[in-house]
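K.L.:
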Amino acid sequence: LSPLAPSSFCPPAAPPASSSLRQRSAAPHLPLPSGEPDASRFMTEPMSAEDVEEHPALVPSLFPLTAPTLYFSTANEKVELLPAEQRRLLKWKLTTVTPNVVKHTIARSHFKVTKKSSDWLGCWGHHMKSSGFKALAEHQKLNHFPGTFQIGRKDRLWRNLSKMQLRFGKQEFGFFPRTFVLPQDIKLLRKAWEDAGSRQKWIIKPPASARGIGIQVIHKWSQLPRKRPLLVQKYLHKPYLIGGNKFDLRIYVYVTSYDPLRVYIFSDGLVRFASCKYSSSMKTLSNKFMHLTNYSVNKKNAEYQSNSDDKACQGHKWYEALKALWQYLGCRGINTTLIWEKIKDIVIKTIIASEPYVNSLLKMNVRSTYSCHELFGFDIMLDENLKPWILEVNISPSLHSNTALDVSIKGQMIRDLLNLAGFRIPQREELLSPCSSASSSSSSWTPHPASAPQDFLSSVLDVLTPEDVRVLSESEDELSRRGDFERIFPAAPSSRYLRFFECPRYLNLLLDQWEQRHWSNRTKGIDLLRTLCQRGVHLGTNDPAHMVSNNTISSTASTQLLLYNLCVRVCTCVCLQWSKCSYISRCEAQRQDLVSPSRSRYTSLLASVPGCVSVSPTVSHIVFCTLQSVSQPSHRGGLFRPGRVFSLQPADVPES
90 LSPLAPSSFC PPAAPPASSS LRQRSAAPHL PLPSGEPDAS RFMTEPMSAE DVEEHPALVP
150 SLFPLTAPTL YFSTANEKVE LLPAEQRRLL KWKLTTVTPN VVKHTIARSH FKVTKKSSDW
210 LGCWGHHMKS SGFKALAEHQ KLNHFPGTFQ IGRKDRLWRN LSKMQLRFGK QEFGFFPRTF
270 VLPQDIKLLR KAWEDAGSRQ KWIIKPPASA RGIGIQVIHK WSQLPRKRPL LVQKYLHKPY
330 LIGGNKFDLR IYVYVTSYDP LRVYIFSDGL VRFASCKYSS SMKTLSNKFM HLTNYSVNKK
390 NAEYQSNSDD KACQGHKWYE ALKALWQYLG CRGINTTLIW EKIKDIVIKT IIASEPYVNS
450 LLKMNVRSTY SCHELFGFDI MLDENLKPWI LEVNISPSLH SNTALDVSIK GQMIRDLLNL
510 AGFRIPQREE LLSPCSSASS SSSSWTPHPA SAPQDFLSSV LDVLTPEDVR VLSESEDELS
570 RRGDFERIFP AAPSSRYLRF FECPRYLNLL LDQWEQRHWS NRTKGIDLLR TLCQRGVHLG
630 TNDPAHMVSN NTISSTASTQ LLLYNLCVRV CTCVCLQWSK CSYISRCEAQ RQDLVSPSRS
690 RYTSLLASVP GCVSVSPTVS HIVFCTLQSV SQPSHRGGLF RPGRVFSLQP ADVPES
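Heads up, the sequence shown is in our numbering, so the first residue is 90 and it goes up one at a time.
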C-alpha cells in the first residue's frame, strides 16, 4: 500500500453516529491575527440555522451540592448565553502561542480574550519556570504542570526512563532505544560504538529542540559534533513500512491531575509519513525526507502531498489516522488491540517516571491542584515486528491546523479536552482570595516506598473522609465528560503500575481501590457518592457516621473505624510499621467484627484508649501532629512507638 494511493486499503468505517458530545466538526471562521494560517478555509459550507443545536452553557455535576462546569462546543452547536454577571467572568488570557483551534473553541463558549488582565480563567501558553506558577489564583487554569520538562526534554526523558529500567528491568522498561547524553556519556558511547561495529547507524538530536531541527543520522565517529550537548541513540533501522515509506504516530495524552494521577489518551491521532521511500543504505543517511517524519521537514519536499480531503486516507497524513492504521493492519491479520495496549503501557510508565518531580514542584509552587492540566504529544514508532518504541514527548505539541485533517482531529480533541478540564465559574471568595505559594492538603503525605499493607488497601473504602469523597466525585464527574478520550490511569487493570511509583501516594491507592470495586458497575459507586454529597460530606462534614460507605455500621462502630483507618493511613505515610500503632494493634483482631452485626461488645473499645474518647477534634490532631513529629528523621517513631497512647490537646497542634 502506498500512502499516496490507497486503492488496496480496506476502507475505514464511517464515524459512528453519536451524541453531540462526540460529533466531529471543524471550527467556525473567525477573524484571526496574522502569523498563523487560517485553517477555517478548509471548513465545509456553513450550517443552516435549523441544523445548529443549542446547548446549555453549564454541564451539571453528577453529584448534589457540586459546582457545574463550562461547556465547550463543536461548530454545529450554539452555546446558550450565561447571565451578564457570570459572562463578564469569562476571560481567557491570550499568548503568542495560543493556537487558533483553541481560540475558535473558547469563542463558541463566549470567552473574551485578554492580554493584560489578571482576572482570567484560562490560558494556553508557554511552559514557564516553576516559580511562575505561584502567581496562579485558585480559579485560574494553565495548560502546564511545573516540572514536566523531566519528560519534555529529550535528555531528561532518557535519564528518567533509564533510571526506571535500572530498577525494574528491560522487560518492563525496554521500549526506548539505547541512549547516551553527551558530553557526560562520551566514554560509554565510545565503547558502545566500537562494540556495535561500522554498520550501526546512530541518530543525534539536540536535547531541547523541536520540529526536526538539528537531527541527523550518522554512522562514522568523525561525524559526531563535539562542542555542544547532544543526545545520541541507536537508530531504529528496521521500521515497519507502509508502501515503502517510514512513518511514526503522534499520540495525544492528557493529564488532568498528578495527585491523584489521572491520565487520558485520545482515541485518534496522526500517522505521519516520510515523503521518500525508505532505504537502509548508508548513502541515504543525509536524506531527511527519508529518515524523518516531521511535517516541518517533509513539507519542504516537492514530493510531499498533504491530505486535502478530510474523508480520505491519502497523502502523507491520514484522516482519522490511527483508526485508518488499525484498519489497514487489521485487514492483514494483525492484532491491533495488542499494539494499542502496548502504547498505553508506554504512556503510563513514562508519565509515572515524571511523577515525583512534578508532585514535588506542585506542592511548593501551586496553590490549588485545579490550576494545572497538560496535553502531551507522544511520538511512537513501530519496528518491523510492530513493537512500539517511544521517540520523544512534546510538552507543547503543535496544534496548528493547516489542513482539513488537522482541523478534524485537533479540533475535536481540543473541544473534548476543555470539557474534560472542568472549567468552573469562580465564586466571589475565590476571586478575592490572595495567592499563596503552595498547596496544603492531606494528599501531600509522602509514604514509604515499600508497598502499602494489603489489608489497608482492601479497607480504604470502608470509611470515606471529606477529601476522599471530593476526589472520588471529581474523578467520576471528569470521566463522564471524557468525550473521545479514554482514561488509562486509574483504570481496572492499572493496579500493576502502583509498584512503579517512587512513593505510593494515598489518593492513588484510593482511586485504585475504587476502580477495583466499581469499574464493572459505576452506577452503584456513583449512587453511593451522591448519597454522601447530599449529606454534605464532601463539603467538610465532621460527623464520622456520614463518612461510612457501609450503611450497616452504627455510629459508635463507624467512629472506631474512622479512627482506625486514619491511623493506618498516617502510619503508611510516615515510613513506619502500621502495625506498631497501639490503637491499630488493639483493633486489628476485631476490626472485621466492627462491620458485622455482632459488634456490640466492641462499642466501648474506643473509650478504653486514653486520649481518644473525643474523636471529632482528636482525629485531625493525630494526623497533623504525627506529620509534624515525623518531619525530622530523628523523631521518626516518636508518636507510634509500641505502647504509646495518644493524648493530644488543641494547643498541641501547629496553626498550619
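Note that the Cβ used here is the ideal one computed from N, Cα and C, for glycine as well.
Within 10 Å of its beta-carbon, does E174 have 16 or more other beta-carbons around it, so buried, or fewer, so exposed?
P.N.:
exposed
K.L.:
Would DSSP call F200 helix, strand or coil?
P.N.:
coil
K.L.:
Hey, how far is the Cα of S251 from the Cα of L170?
P.N.:
51 Å
K.L.:
Taking the beta strand (DSSP E) that Y353 belongs to, which residues open and close that run?
P.N.:
Counting along the chain, Y353 sits inside the beta strand (DSSP E) bounded by residues 350-355.
K.L.:
Only counting the same chain, and skipping five residues up and downstream in sequence, which positions put a Cβ closer than 6 Å to that of T184?
P.N.:
G214
K.L.:
To the nearest angstrom, how far is the alpha carbon of H233 from that of V447?
P.N.:
11 Å
K.L.:
By the DSSP assignment, the alpha helix (DSSP H) with H607 in it spans what residues?
P.N.:
Residues 595-607.
K.L.:
With a Cβ-Cβ cutoff of 9 Å, do I293 and G286 count as a contact?
P.N.:
no
K.L.:
Taking only three categories from DSSP, how would you classify H144?
P.N.:
strand
K.L.:
With a Cβ-Cβ cutoff of 9 Å, do T382 and D337 count as a contact?
P.N.:
yes
K.L.:
Can you give the beta carbon distance from H40 to S485, rounded, assuming they're within the 8 Å contact cut?
P.N.:
The first residue shown for the chain is 90 and the last is 745, placing residue 40 beyond what the model contains.
K.L.:
Are the stretch 458-475 and the stretch 153-166 touching by the rule of at least three beta carbon pairs closer than 8 Å?
P.N.:
no
K.L.:
Put S532 into one of helix, strand or coil per three-state DSSP.
P.N.:
Since pLDDT at S532 reaches only 44, below the 50 mark, its modelled position is unreliable, and the value read off the structure follows with that caveat. Note: S532 maps to helix in three-state DSSP.
K.L.:
Mind checking who L464 pairs with in its DSSP beta bridge?
P.N.:
Y343
K.L.:
Can you tell me whether Q516 is buried or exposed, with buried defined as 16 or more other CB within 10 angstroms of its CB?
P.N.:
By the neighbour-count rule (16 or more Cβ atoms within 10 Å), Q516 is not buried but exposed.
K.L.:
One question on the structure: do L179 and K201 come within less than 9 Å of each other, judged by their Cβ atoms?
P.N.:
Contact flag set, yes.
K.L.:
Using the Cβ count rule (16 or more neighbours within 10 Å means buried), how would you classify C212?
P.N.:
buried
K.L.:
Looking at the secondary structure, which residues open and close the alpha helix (DSSP H) in which W282 lies?
P.N.:
The continuous alpha helix (DSSP H) containing W282 extends over residues 275-285.
K.L.:
Within 10 Å of its beta-carbon, does K182 have 16 or more other beta-carbons around it, so buried, or fewer, so exposed?
P.N.:
buried
K.L.:
Which residue's Cα is closest to the Cα of K476: G422, W429, T458?
P.N.:
With distances taken between Cα atoms, K476 lies closest to W429.
K.L.:
Is G211 helix, strand or coil by DSSP?
P.N.:
In this structure, G211 counts as strand in the three-state DSSP scheme.
K.L.:
May I have the straight-line CA-CA distance separating Y367 from H326, to the nearest angstrom?
P.N.:
10 Å
K.L.:
For K499, I'd like the list of residues in its chain whose CB is within less than 7 Å of its CB, leaving aside the five on either flank, ordered along the chain.
P.N.:
V190, L488, S490
K.L.:
I need the DSSP call for V436, collapsed to helix, strand or coil.
P.N.:
helix
K.L.:
Tell me the DSSP secondary structure of I470 in three-state form.
P.N.:
It should be noted that the sequence gives Met, not Ile, for residue 470. Strand.
K.L.:
Return the bridge partner residues of P445 from the DSSP annotation.
P.N.:
DSSP output for P445 lists no bridge partner at all.
K.L.:
Using C-beta distances below 8 Å, list every residue in its chain close to E437, excluding the 5 sequence neighbours before and after it, in chain order.
P.N.:
Reading off the sequence shown, one finds Ile at residue 437, where the question assumed Glu. Excluding residues within five positions, the ones whose Cβ falls inside 8 Å are V352, I577, F578, S583, Y586.
K.L.:
So, for S747: in the same chain, excluding its five sequence neighbours on each side, which residues have a beta-carbon less than 8 Å away from its beta-carbon?
P.N.:
Lying before the first or after the last residue shown, residue 747 is absent from the chain, which here runs from 90 to 745.
K.L.:
Can the beta-carbon of P296 be found closer than 9 Å to that of D244?
P.N.:
yes
K.L.:
To the nearest angstrom, how far is it from the Cα of Q289 to the Cα of F152?
P.N.:
59 Å
K.L.:
For V306, name the three-state secondary structure that DSSP assigns.
P.N.:
strand
K.L.:
Hey, Y343 and L509 are a contact pair by Cβ (cut 8 Å); roughly how many whole angstroms apart?
P.N.:
7 Å
K.L.:
Which residue from F378, I435, E166, H627 puts its Cα closest to that of F262?
P.N.:
The residue with the shortest Cα to Cα distance from F262 is I435.
K.L.:
Can you tell me whether L683 is helix, strand or coil according to DSSP?
P.N.:
The predicted model places L683 with a pLDDT of 41, which falls under 50 and marks its position as unreliable, so this point remains unresolved.
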